[in-house]
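Colleague: Note that this note's numbering numbers the sequence shown so that position 472 is 472, with each residue one more than the last. Note that beta-carbon positions come from the ideal geometry of N, C-alpha and C, so glycine has one too.
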Amino acid sequence: MLVVSAVELKQLSQQINGTAQGMAVQEALRADREERHRLSRERVTHWDNTILGQRRKKLHARNERIAQEELLRKEADKIHAEEESERRKAVIDRAKSMQYNNQDPVRAFHSRVLLYQVLQERDLQLAMKRTHASNGSDVAARERIEGEARRAAEMHADAMKSAAARVKRLSLAKDQMGQVTEKLVGEMEARHALLVEQAELVRKDEEHRNEVAQKEQQKYEERLAFREQLSRLKMEKQKRWAEEKARSEEEDERIEAWVLRKAKQVEIKKNIEKKWFEEALVHREQIGLMQQKICNDHDAKVEEQVKKAMILKEGKAQHDEIMKHERKEQRIKELNYYYDEFVKRKEENVRIEQEQERALLDGYNRIKDEALAEQMERKSNLLITGKSLQSHHRAQVERFKLKKQIEHREQLECDQERAAALFKEDNDLEEYMKSVANAPWAAGNRRLKEFVDVTLSPKKPNQRVTRQQVNTKERLGFIPGDSKTLCK
Numbered sequence: 001m002l003v004v005s006a007v008e009l010k011q012l013s014q015q016i017n018g019t020a021q022g023m024a025v026q027e028a029l030r031a032d033r034e035e036r037h038r039l040s041r042e043r044v045t046h047w048d049n050t051i052l053g054q055r056r057k058k059l060h061a062r063n064e065r066i067a068q069e070e071l072l073r074k075e076a077d078k079i080h081a082e083e084e085s086e087r088r089k090a091v092i093d094r095a096k097s098m099q100y101n102n103q104d105p106v107r108a109f110h111s112r113v114l115l116y117q118v119l120q121e122r123d124l125q126l127a128m129k130r131t132h133a134s135n136g137s138d139v140a141a142r143e144r145i146e147g148e149a150r151r152a153a154e155m156h157a158d159a160m161k162s163a164a165a166r167v168k169r170l171s172l173a174k175d176q177m178g179q180v181t182e183k184l185v186g187e188m189e190a191r192h193a194l195l196v197e198q199a200e201l202v203r204k205d206e207e208h209r210n211e212v213a214q215k216e217q218q219k220y221e222e223r224l225a226f227r228e229q230l231s232r233l234k235m236e237k238q239k240r241w242a243e244e245k246a247r248s249e250e251e252d253e254r255i256e257a258w259v260l261r262k263a264k265q266v267e268i269k270k271n272i273e274k275k276w277f278e279e280a281l282v283h284r285e286q287i288g289l290m291q292q293k294i295c296n297d298h299d300a301k302v303e304e305q306v307k308k309a310m311i312l313k314e315g316k317a318q319h320d321e322i323m324k325h326e327r328k329e330q331r332i333k334e335l336n337y338y339y340d341e342f343v344k345r346k347e348e349n350v351r352i353e354q355e356q357e358r359a360l361l362d363g364y365n366r367i368k369d370e371a372l373a374e375q376m377e378r379k380s381n382l383l384i385t386g387k388s389l390q391s392h393h394r395a396q397v398e399r400f401k402l403k404k405q406i407e408h409r410e411q412l413e414c415d416q417e418r419a420a421a422l423f424k425e426d427n428d429l430e431e432y433m434k435s436v437a438n439a440p441w442a443a444g445n446r447r448l449k450e451f452v453d454v455t456l457s458p459k460k461p462n463q464r465v466t467r468q469q470v471n472t473k474e475r476l477g478f479i480p481g482d483s484k485t486l487c488k
């Protein structure tokens, strides 16, 4: 029998299968180690003498302690809540009792009960006085002193009770006043919030109106400025026309003045020439006469000289006529030239004015189109804003109506609850009056029982309540004729 070790078996397997067998063996060994490690950890997890076990045990104990403390706290809170509920219930019952006792019907009933108890006590005192009237003065005095001491003690106790009741009433009134104040403060805060909301809406509406008014004012100012610009342009145009007219008139006046001056100069020249001619004729006549007187021989010579002078004069006159005609032609040419220049300037000015008016008209049309476009845009914006405000106001009106309906429904419910409460208070008062009348201490009080029976007796619907005449002496127990005896 041949025994092969593990190493030899491994070597043989590697020689047969190569390296793959060794890797499979290693993988099997690794898996075996991991499995053993896992089993070891599962076994260790249940041990308590390890670090992890001690820690786990402490954590478990801590969690149990916390849970136990939480249970104790819950139990204490429950007990405290029950005690607090009982105290609150007792305080509420006491407050309800004080409030119930502070009502006017209950207070009136208590005053009547007290009055009837006092009258009953007075009746007992009168009966006791009549019974012990025959006793001695010492006994009467001692009883009187004891009665006075007892009455003083009772009065002191009643005064203490009254003071305590007054303190209770004051505290209750203070609590009620606090509740009323809180209610009034809440209503005032709600009213203030509503007023603030309404003020905010009014402010927004006012801002919108102010904005619209500002835009309208701006448009109005722009229209005024546009009108002023138009007026200024019109005035400038009229001023230019006036200046052109003045310049034309001045030019015409200058031309007319020049023509008049030329005509005047020609007239003056003619007059001077005529004067010279006349003076020459006179001078020549004088010379001729003198020569005729002095020397008749020189008549022919003088006549020849005269003829020559006439010929020269006629030539000079013809020359002057030619020069006059030339000057007239020159003036006509100058006038035509001035007139042509004037017409050209006039046409140029008319053309320039037409171009300016055309440009101005184009500018006016452009401004008008822009104004119309802006007006349409403003109208559309105002329409959108108005619709939004209208929808907002409608929603606000709907909310206000819904709020009024809710308030009316709440008021009806409150009135119903108040009527039910009043009915319940009346029933409670009747039950309370019956319990007081049937109490053992009120068994012998005839007046109290009669008052309760009369008060609780059903009344007819149309029965009028008449006040009976009551004798105060009889009501208080003083019999007529015994007042003097009692005073003694």
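Judging by CA-CA distance, which residue of L172, K58 and K57 is the nearest neighbour of D93?
Modeller: Closest by alpha carbon: L172.
Colleague: For the structure I just gave you, are there three or more beta carbon pairs, one from the region 110-120 and one from the region 435-451, closer than 8 Å?
Modeller: Because the criterion of three Cβ pairs below 8 Å is met, the region 110-120 and the region 435-451 touch.
Colleague: Going by other Cβ atoms of all chains shown within 10 Å of its Cβ, with 16 needed for buried, is A257 buried or exposed?
Modeller: Its Cβ having fewer than 16 others within 10 Å, A257 is exposed.
Colleague: Identify, in the order they occur along the chain, each residue of the same chain with its Cβ nearer than 7 Å to the Cβ of R166, setting aside the five sequence neighbours on each side.
Modeller: Within the same chain, R166 has no close Cβ partners at all.
Colleague: Helix or strand or just coil, what does DSSP make of G363?
Modeller: Looking at G363 - three-state DSSP - the assignment turns out to be helix.
Colleague: Should the region 404-416 be called in touch with the region 83-98, which here means at least 3 C-beta pairs below 8 Å?
Modeller: No contact exists between the region 404-416 and the region 83-98.
Colleague: Out of curiosity, what's the CA-to-CA distance linking E42 and L29?
Modeller: When rounded, the distance between both Cα atoms is 20 Å.
Colleague: Which term fits A81, buried or exposed, when burial requires 16 or more other beta carbons within 10 angstroms of its beta carbon?
Modeller: Exposed, because fewer than 16 other Cβ atoms sit within 10 Å of the Cβ of A81.
Colleague: Could you check the C-alpha separation between V454 and F109 for me, to the nearest Å?
Modeller: Cα to Cα, V454 sits roughly 13 Å from F109.
Colleague: Residue ranges of each beta strand (DSSP E) run of no fewer than 3 residues wholly in the region 342-409, ordered along the chain?
Modeller: You should have found no qualifying run.
Colleague: Tell me the start and end of each unbroken alpha helix (DSSP H) in the region 104-186 that is at least 4 residues and wholly inside, in chain order.
Modeller: Segments of the alpha helix (DSSP H) lying fully in the region 104-186: 104-131.
Colleague: So A437 packs on K449, CB below 8 Å; how close in whole Å?
Modeller: Their Cβ separation, rounded to whole angstroms, is 5 Å, which keeps A437 and K449 in contact under 8 Å.
Colleague: Could you check what DSSP says for N49 in three-state terms: helix, strand or coil?
Modeller: Coil at N49, not helix or strand.
Colleague: Which of the three DSSP states, helix, strand or coil, is assigned to S231?
Modeller: S231: helix per DSSP, three-state reduction.
Colleague: Can you round the beta-carbon distance between F277 and K313 to whole angstroms, since I take them to be within the 8 Å contact cut?
Modeller: About 7 Å separates the two Cβ atoms, so the contact holds.
Colleague: Does T485 come out as helix, strand or coil in the three-state DSSP assignment?
Modeller: Annotation note: pLDDT 40 at T485 (below 50); position unreliable, no value reported.
Colleague: Compute the distance between the beta-carbons of K333 and V266, then report whether it is under 8 Å.
Modeller: No, the pair does not count as a contact, with Cβ atoms beyond the cut-off.
Colleague: Going by other Cβ atoms of all chains shown within 10 Å of its Cβ, with 16 needed for buried, is V350 buried or exposed?
Modeller: Exposed, by the Cβ-count rule.
Colleague: So what does DSSP say about A443, is it helix, strand or coil?
Modeller: Three-state DSSP puts A443 in coil, outside helix and strand.
Colleague: Below 8 Å on the Cβ atoms is my contact criterion, and I expect E143 with H132 to pass it. Report the Cβ-Cβ distance as a whole number of Å.
Modeller: 7 Å between Cβ atoms; contact.
Colleague: Between R169 and N102, how many whole angstroms is the CB-CB distance? I'm expecting something under 8 Å.
Modeller: Confirmed, about 6 Å.
Colleague: Should R107 and F451 be called a contact, given that it needs their Cβ atoms to be closer than 8 Å?
Modeller: Cβ atoms of R107 and F451: not closer than 8 Å.
Colleague: Run the CB neighbour count on M433, radius 10 Å, all protein chains shown included, and call it buried at 16 or more, exposed below.
Modeller: By the neighbour-count rule (16 or more Cβ atoms within 10 Å), M433 is buried.
Colleague: In this structure, does DSSP put S510 in helix, strand or coil?
Modeller: The structure shown does not extend to residue 510, since the chain is modelled only from 1 through 488, so no value can be given for it.
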